[in-house]
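**Student:** For reference, the structure I am asking about is given below.
Protein chains: 2
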Amino acid sequence: MFNNISIIGCGLIGSSILRAVQKKNLAKEINVFDHSKEVTGFLKKENICSNVFSDIRECVKNSDLIIIATPLSSYKEIILSIKEHLKKNAILTDTGSVKKEVIKIIHNINLKDVFWIPSHPIAGTEESGPKAGYPEMFEDRWCIISPPENCIEEPIKNLKEFWQSIGSKVKVMSAEKHDKILSLTSHLPHAIAYNIVRTVINVEDKLKQEVIQYSAGGLRDFTRIAASNPLMWKDIFLDNSENILKGIDDFAEKLQELKKAISDKNGDKLFQIFNSTKEIRKEIIKAGQDTSKPNFGRKKD
Amino acid sequence: MFNNISIIGCGLIGSSILRAVQKKNLAKEINVFDHSKEVTGFLKKENICSNVFSDIRECVKNSDLIIIATPLSSYKEIILSIKEHLKKNAILTDTGSVKKEVIKIIHNINLKDVFWIPSHPIAGTEESGPKAGYPEMFEDRWCIISPPENCIEEPIKNLKEFWQSIGSKVKVMSAEKHDKILSLTSHLPHAIAYNIVRTVINVEDKLKQEVIQYSAGGLRDFTRIAASNPLMWKDIFLDNSENILKGIDDFAEKLQELKKAISDKNGDKLFQIFNSTKEIRKEIIKAGQDTSKPNFGRKKD
Chain L
-17 MFNNISIIGC GLIGSSILRA VQKKNLAKEI NVFDHSKEVT GFLKKENICS NVFSDIRECV
43 KNSDLIIIAT PLSSYKEIIL SIKEHLKKNA ILTDTGSVKK EVIKIIHNIN LKDVFWIPSH
103 PIAGTEESGP KAGYPEMFED RWCIISPPEN CIEEPIKNLK EFWQSIGSKV KVMSAEKHDK
163 ILSLTSHLPH AIAYNIVRTV INVEDKLKQE VIQYSAGGLR DFTRIAASNP LMWKDIFLDN
223 SENILKGIDD FAEKLQELKK AISDKNGDKL FQIFNSTKEI RKEIIKAGQD TSKPNFGRKK
283 D
Chain X
-17 MFNNISIIGC GLIGSSILRA VQKKNLAKEI NVFDHSKEVT GFLKKENICS NVFSDIRECV
43 KNSDLIIIAT PLSSYKEIIL SIKEHLKKNA ILTDTGSVKK EVIKIIHNIN LKDVFWIPSH
103 PIAGTEESGP KAGYPEMFED RWCIISPPEN CIEEPIKNLK EFWQSIGSKV KVMSAEKHDK
163 ILSLTSHLPH AIAYNIVRTV INVEDKLKQE VIQYSAGGLR DFTRIAASNP LMWKDIFLDN
223 SENILKGIDD FAEKLQELKK AISDKNGDKL FQIFNSTKEI RKEIIKAGQD TSKPNFGRKK
283 D
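Residue numbers (this note's numbering), protein chains in the order written: chain L, -17 to 283; chain X, -17 to 283.
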């Protein structure tokens, strides 16, 4: 579909795109740039892409599709480095979890003759780095794209088809709405997961080993999320701060309600709180967003 | 090992004990009492126990081991009903997640000629009821027992061996310490999971369908815990309120710290927060408490 695809940043997400493109034979050439020698060394050793570049300008200059898959805080520098070297009518996209700030950056840079269409594949694991990537990562997962209002149809259609060809279901949504919804479904849950793990492991150091030992009672679920890439998450929290702060305030208010019900020994209220969340999982399973198997179907290794 | 075992309350946990005892042939007779006709009807139909009783006194009168596996709020009534009908030197145990209140109840009732030894098998799923039980539930899971200080060794040894024979690893711990540790590893995480699901599904009703649709970004992990039995959890929160309230206060304090770092756009502090929790999952996996497979190894059904 594309003659030449460039992937900038080849960690968990970038290397999974790379593997999917290779596996499905979706490009004649696939170029990779990553500033880490460890990453490029790994890619060369594994022999999973046509070209590994050490000069980002060389990497992108013949590409029809350029995908930025780095933490959000690197975008500005990357876009400034490549802006004069992009092919006319190339599609520039990304994989970031927040859209507001990057759209501001692009606006200020004033890109010419290039179609900028942000993407967010909602996929991943708690792992990081190119070793952890795999080609099926995007299968049956949503990818949200947020084209600027003035963008013409053809590049949007081509980008949609690209994500679909690696298995994604694509949804077009405004950047503003994307940032709001993701603050609820992803960013706030991550904030809370980090916060509970941090609370529990710090409370009393002498209990730490026992907390680990008996974590199967519930805590272990949270530690999965809290093991995610800290650099990526720092950037997300800076870029989507407004929505996340609103979410934290709502959460804190509900927590005080729960606290009051416990202090008051109000059994009816507690039952009502715990019962109100029971149905949502069924809806999530019905929507194909999780397994119906108890305990996520996990078995011991 | 035991001639006659009684299980009072045959939901997820009780029916799993029942199935494990049957499968491993650990008792000559196994009796069940449950106040729900739906449950007893199911047990008779499935033919998985020797005797289903409608009179709790008849159920326990010949038993050497009696296991209460009901929500905590039923304990008092159950123990009052059976106390005059227990066999001399029988072992009375339970499966409850909090120990403080039940020990108070037992103390006030003044049981005679019976060995009361509380148990807590740390096992379960988000499902409820006897259909959801399975015999392997306790394999490689911890079971904490909290014998009273004056209890003699033999019944402790026998109860230990019972849990071990259905696959558990047994740890002896004071009731007070048990309630503290479980408040951190299980009760606080449940409070937080309920709270985030309640926050997110209520924030804006018009977004609810989209929140469900994109829940794979993190939220779905929390909905598993928040789908657990609300009646059981209400009782846990009433009985372990002191420890849980302390946990909520610590959590709320840490959350304000996180909120401040976001408001201040303090990237270093955010990175430090997100990085501090990264190692704990490795320790949990090393302790055999979770799978090392990404995303809990879940695959779509």
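Each residue gets a CB set at the ideal place from its N, CA and C atoms; glycine is no exception.
(1) Where DSSP assigns a beta bridge to residue -13 of chain L, which residues make up the other side?
(2) Output, in sequence order along the chain, the residues in the segment 193 to 211 of chain L whose CB is closer than 9 Å to any CB in chain X.
(3) With a cut-off of 8 Å, does the C-beta of residue 179 of chain L fall near any C-beta of chain X?
(4) Rounded to whole angstroms, what's the CA-CA distance from residue 82 of chain X to residue 23 of chain X? Just pull it up for me.
(5) Hey, residue 10 of chain X and residue 117 of chain X: beta-carbon distance below 8 Å or not?
(6) Give the secondary structure of residue 17 of chain X by DSSP, where H, G and I count as helix, E and B as strand, and everything else as coil.
(7) Look up residue 73 of chain L in the DSSP assignment and say whether it is helix, strand or coil.
(8) Any beta carbon from chain L within less than 8 Å of residue 82 of chain X's own beta carbon?
(9) How about residue 259 of chain X: is its C-beta nearer than 8 Å to some C-beta of chain L?
(10) So which residues of chain L does residue 146 of chain X contact, with C-beta pairs closer than 7 Å?
(11) Using CA atoms only, rank isn't needed, just tell me which of L:53, L:37, L:47 is closest to residue 63 of chain L.
(12) Using the C-alpha atoms, what's the distance from residue 155 of chain L back to residue 148 of chain X?
(13) Taking Cβ-Cβ distances shorter than 7 Å, what residues in chain X pair up with residue 52 of chain L?
(14) Express the C-alpha separation of residue 98 of chain X and residue -13 of chain X in angstroms, rounding to a whole number.
(15) Note the first and the last residue of the continuous alpha helix (DSSP H) segment covering residue 89 of chain L.
(16) Residues of chain X with a CB under 7 Å from the CB of residue 219 of chain L: which are they?
(17) Suppose you measure from the CA of residue 25 of chain X to the CA of residue 139 of chain L; what does that come to, to the nearest Å?
(18) With a floor of 3 residues, list each beta strand (DSSP E) that falls wholly inside the segment 149 to 223 of chain X, ordered by position along the chain.
(19) From which residue to which residue does the alpha helix (DSSP H) around residue -3 of chain X run?
(20) For a contact meaning CB atoms closer than 7 Å, what does residue 56 of chain L contact in chain X?
(21) Excluding the 5 residues preceding and the 5 following residue 145 of chain X in the sequence, name in chain order all residues of the same chain whose CB lies nearer than 8 Å to its CB.
(22) Is DSSP giving residue 257 of chain L helix, strand or coil here?
(23) Give the interface partners of residue 277 of chain L over in chain X, defined as CB-CB distance under 7 Å, in chain order.
(24) Report the residue from L:272, L:233, L:-7 whose alpha carbon sits nearest the alpha carbon of residue 210 of chain L.
(25) Rounded to whole angstroms, what's the CA-CA distance from residue 202 of chain L to residue 43 of chain X? Just pull it up for me.
(26) Quick check: what's the CA-CA separation for residue 141 of chain L versus residue 233 of chain L?
**Tutor:** This is what the structure gives:
(1) L:12, L:47
(2) 193, 194, 195, 196, 197, 198, 199, 200, 201, 202, 203, 204, 205, 206, 207, 208, 209, 210, 211
(3) yes
(4) 34 Å
(5) no
(6) Collapsing the DSSP output to three states places residue 17 of chain X in coil.
(7) Three-state result, residue 73 of chain L: strand.
(8) no
(9) yes
(10) Under the 7 Å cutoff, chain L gives no residues; its nearest Cβ is about 17 Å from residue 146 of chain X.
(11) Per the C-alpha coordinates, the member of L:53, L:37, L:47 positioned closest to residue 63 of chain L is L:37.
(12) 52 Å
(13) By Cβ distance, chain X contributes nothing, its closest Cβ being about 16 Å from residue 52 of chain L, past 7 Å.
(14) Using only the alpha carbons, I get a separation of about 15 Å.
(15) Residue 89 of chain L -> alpha helix (DSSP H) spans 82 to 91.
(16) 244, 252
(17) 57 Å
(18) 151 to 154
(19) -6 to 6
(20) Neighbours of residue 56 of chain L on chain X: none; closest Cβ ~13 Å, over 7 Å.
(21) Excluding sequence neighbours, residue 145 of chain X sits near 101, 103, 120, 125, 127, 152.
(22) helix
(23) Under the 7 Å cutoff, chain X gives 107.
(24) Closest in C-alpha terms to residue 210 of chain L, from the list L:272, L:233, L:-7, comes L:-7.
(25) 41 Å
(26) 36 Å
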